[in-house]
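Worksheet: the structure to be examined is printed underneath.
Residue numbers (this note's numbering): 1281 to 1407.
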């Protein structure tokens, strides 16, 4: 196991905001773990539920088993990474453009107000 020393430039409270479950782990999982190992609080918000985009018509009731397994897997991953909290919203997977932008913004703002993050990691608009 690698040990990390606390860096003076790292913040004490970190927020990670991702569109789908696993985006945050694939995008910055090692960075999240490093912050947690340094004694910092890492709070994670996943905006969409991550499963119903595979269906012709979104139906959360038909996907309950898959959604439960996905949430359980996310919680296990975050326990390993050392996240202080994980919040999973239920906006439609890969259909965020079908939701009023204000609703998404309000949910993210509420999360950020609650955790009081000094550093935020999220998606970058281009790759």
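Glycine is no exception: its CB is placed at the ideal position from the N, C-alpha and C atoms.
>> Would you call the stretch 1341-1355 in contact with the stretch 1381-1392, where contact means no fewer than 3 C-beta pairs closer than 8 Å?
In response: Contact between the stretch 1341-1355 and the stretch 1381-1392 is not established, with fewer than three Cβ pairs separated by less than 8 Å.
>> Rounding to the nearest angstrom, what Cα-Cα distance links residue 1373 and residue 1391 in this structure?
In response: 19 Å
> Exposed or buried, what is residue 1326 when buried is set at 16 or more other beta-carbons lying within 10 Å of its beta-carbon?
Replying inline: buried
> How many angstroms separate the CA atom of residue 1408 from the CA atom of residue 1293?
Replying inline: With the chain represented from 1281 up to 1407, any question about residue 1408 goes unanswered, as that position is not in the structure.
> What residue from 1403, 1365, 1313, 1328 has the CA that sits closest to residue 1396's CA?
Replying inline: Ranking 1403, 1365, 1313, 1328 by Cα distance to residue 1396 puts 1365 first.
>> Rounding to the nearest angstrom, what Cα-Cα distance links residue 1342 and residue 1331 in this structure?
In response: Residue 1342 and residue 1331 have their C-alpha atoms some 10 Å from each other.
> On the three-state DSSP scale, how would you describe residue 1300?
Replying inline: Here residue 1300 sits in coil by DSSP.
> Which first and last residues belong to the beta strand (DSSP E) in which residue 1367 is found?
Replying inline: 1365-1371
> Going by beta carbon distance, what residues of the same chain come within less than 8 Å of residue 1311, once the five residues before and after it are set aside?
Replying inline: 1401
>> Just to confirm before moving on: does the CB-CB distance between residue 1299 and residue 1361 stay below 8 Å?
In response: no
> Do you know how far the Cα of residue 1398 is from the Cα of residue 1380?
Replying inline: Cα atoms of residue 1380 and residue 1398: separation of roughly 27 Å, rounded to the nearest angstrom.
> Counting along the chain, where does the alpha helix (DSSP H) carrying residue 1323 start and finish?
Replying inline: Element bounds for residue 1323: not the alpha helix (DSSP H) but the beta strand (DSSP E), 1321-1328.
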